[in-house]
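Notes to accompany the following structure.
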Amino acid sequence: MSAAGGRSPRGGAARATRVLHLDHTTARGGAEYALVRMLRAGPAWSPVVLLAPTDAAGAGVYTQLPARVPVRVAGVRQPAGVSAGSALHQAAALARLGLQAAATRLHPAFRTADLVDANTARAGAYGALAALTSRVPFVVHLRDMTDPDAIGRAGYALMTRLVLPRADGVIANSRATLETATPFLRRGARTVVIPSAAGIERRTAAARPVAGPLRIGMLARIDPWKGQELLLRAFTQALGDSDARLVLPGDAPFGHEAYGRHLRALAGELGVADRVEFPGHVDDIAGTLAGWDVAVQASIRPEPLGQNVLQYLAAGRAVVVAGEGGPAEWVTDGVNGLVVAPRDVDALADALRRLAGDDALRGLLAAGAAATPGLLDDAAVAAAHAAFYAEVVAARSDG
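In the working numbering, the protein residues as written are 1095 to 1493.
The following block contains the structure:
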């Protein structure tokens, strides 16, 4: 069966493959934006999105989907914190997963699906439970490393003992992500590496059109592990006495509002509050990046992919990344960016100082970024998914 449709046994056009996409949240997270972008790109399959209930009104980020993509809600809330808290708290969270699995399994969209795709690790947990008693092919998106530091101990146990052994297919956002999951996959499971849909468009590297001080930025949600504090300290160390500006756009989903307040207070303590901007969530990513001279990724644990890195490269910015995880697969030091030691304030400060003082180097790296091979727009990401869905469905049918 082709994910794009094909010919029926009687010679007519076959219907499009029905794919049920599971997500446990409507927050503005990277996984959610990636799915929205892909489904807005005109995929070859027939999608339905099934969400767990949330405290937020409406469908959150999924309101951006076109009317042709049905969005359904069923089950019980899946609050954050499955891997944290007391034993009683974790037991309650696991009970919610079980209830969500039952609601998913009984939903008409599940019963009529040709394939189920879990968009997040949490959705993978209840999706795998729902699929245990079904022959519907089950695919899980891996957008985090299969590691306790990334998904918590309880999440790691669920992923390695339930989700990955049940998966018929795995879509990983980088080779590094896939490598952490491979030991737990069942024999015969299909795998593929497809970067998340990041809304990128190829642009020719060009000088920033706005005159004024050097502008350095990090495009990421406000979250401790994304490394805004590391960058703030490196910026102060390298350029604290200059007129350079640091821009930290992003909102603070998943309960990290206190971290946002901490960053603002720290900027004051470091004496750079007047040169650090916190514009909050931005919709115009291309416009935002066009105003930067240097774009930074400095996550303090291995970044699975780094959608922001793909966006930086496609925008033709001078890029700095931590040398581990997905970003290290995309950036070659001195060619299309600078690669620095992870979690190293001094190394990051040295890179910022070097770029600030060398216009020619910034131009060279910006041109290299724009020429990075393998960058996919959202339609190409959707096409890669369609091919993989077809492979998984065919393999399950043959089995």
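Glycine residues also receive a C-beta, built at the ideal position from the N, C-alpha and C atoms.
{"Item": "Cβ-Cβ separation, Leu1399 to Gly1431 (assumed contact under 8 Å), whole Å", "Value": "Contact flag wrong, Cβ pair sits at about 15 Å."}
{"Item": "C-alpha gap between Glu1126 and Arg1411, whole angstroms", "Value": "25 Å"}
{"Item": "Pair within 8 Å by beta-carbon distance, Ala1203 and Leu1114", "Value": "yes"}
{"Item": "Of the residues Arg1131, Thr1120 and Ala1128, the one placed nearest Ala1153, counting alpha carbons only", "Value": "Thr1120"}
{"Item": "Straight-line gap, Tyr1353 to Ile1379 (C-alpha atoms, nearest Å)", "Value": "23 Å"}
{"Item": "The region 1150-1165 touching the region 1209-1229, judged by at least three CB pairs closer than 8 Å", "Value": "no"}
{"Item": "Identity of the residue in Leu1446, Ala1473, Ala1480 and Gly1334 nearest Arg1131 by Cα", "Value": "Ala1473"}
{"Item": "Residue range of the unbroken beta strand (DSSP E) whose run includes Ile1310", "Value": "Arg1309 to Gly1311"}
{"Item": "Extent of the continuous alpha helix (DSSP H) run through Val1130", "Value": "Gly1124 to Arg1134"}
{"Item": "Segment limits, alpha helix (DSSP H) that includes Val1475", "Value": "Asp1472 to Asp1492"}
{"Item": "Where Asp1377 falls, given that 16 or more other Cβ within 10 Å makes a residue buried", "Value": "exposed"}
{"Item": "Proximity below 8 Å, CB of Ala1275 to CB of Leu1236", "Value": "yes"}
{"Item": "Distance between Asp1117 and Leu1159 (C-alpha atoms, nearest Å)", "Value": "14 Å"}
{"Item": "Helix, strand or coil at Ala1372 according to DSSP, with G and I counted as helix", "Value": "Reading the sequence as shown, one finds Phe at residue 1372 and not Ala. Coil, per DSSP."}
{"Item": "Residue from Arg1166, Ala1422 and Asp1345 with nearest C-alpha to Thr1148", "Value": "Arg1166"}
{"Item": "Sequence-distant residues of its chain with Cβ nearer than 7 Å to Leu1252 (five each side left out)", "Value": "Ala1219"}
{"Item": "Segment limits, alpha helix (DSSP H) that includes Leu1116", "Value": "First-last for Leu1116: Arg1112 to Asp1117, but that is the beta strand (DSSP E), not the alpha helix (DSSP H)."}
{"Item": "Nearest neighbour of Arg1284, chosen from Arg1315, Ile1245 and Phe1482 [CA to CA]", "Value": "Phe1482"}
{"Item": "Cβ-Cβ distance between Leu1326 and Asn1402 below 8 Å", "Value": "no"}
{"Item": "Asp1209 in three-state terms, based on DSSP", "Value": "It should be pointed out that residue 1209 corresponds to Leu in this sequence rather than to Asp. Three-state DSSP puts Leu1209 in a strand."}
{"Item": "Short Cβ contact (8 Å threshold) for Leu1404 with Pro1289", "Value": "yes"}
{"Item": "Run of the beta strand (DSSP E) containing Ile1265, from where it starts to where it stops", "Value": "Gly1263 to Ala1266"}
{"Item": "Beta-carbon proximity list for Ala1346, same chain, < 6 Å, skipping 5 on both sides", "Value": "Ile1316 and Gly1354"}
{"Item": "Strand pairing of Gly1334, partner residues [DSSP]", "Value": "Answer is none; Gly1334 lacks a bridge partner."}
{"Item": "Rounded straight-line distance, which links the Cα of Ala1108 to that of Pro1242", "Value": "43 Å"}
{"Item": "Identity of the residues DSSP links to His1235 by a beta bridge", "Value": "Ile1265"}
{"Item": "Cβ-Cβ distance between Ala1389 and Val1370 below 8 Å", "Value": "no"}
{"Item": "Rounded distance between the beta-carbons of Arg1269 and Glu1423, thought under 8 Å", "Value": "6 Å"}
{"Item": "Range of the contiguous alpha helix (DSSP H) that encloses Thr1198", "Value": "Ala1181 to Leu1200"}
{"Item": "Cβ-Cβ distance between Val1434 and Val1425 below 8 Å", "Value": "no"}
{"Item": "Buried or exposed by the 16-neighbour rule on C-beta atoms within 10 Å, applied to Glu1351", "Value": "exposed"}
{"Item": "Cβ pair Gly1311, Val1264 closer than 8 Å", "Value": "no"}
{"Item": "Thr1240 versus Gly1249 - alpha carbon distance", "Value": "9 Å"}
{"Item": "Where the beta strand (DSSP E) through Arg1284 begins and ends", "Value": "Arg1284 to Val1287"}
{"Item": "Burial state of Leu1324, where buried means 16 or more other Cβ atoms lie within 10 Å", "Value": "buried"}
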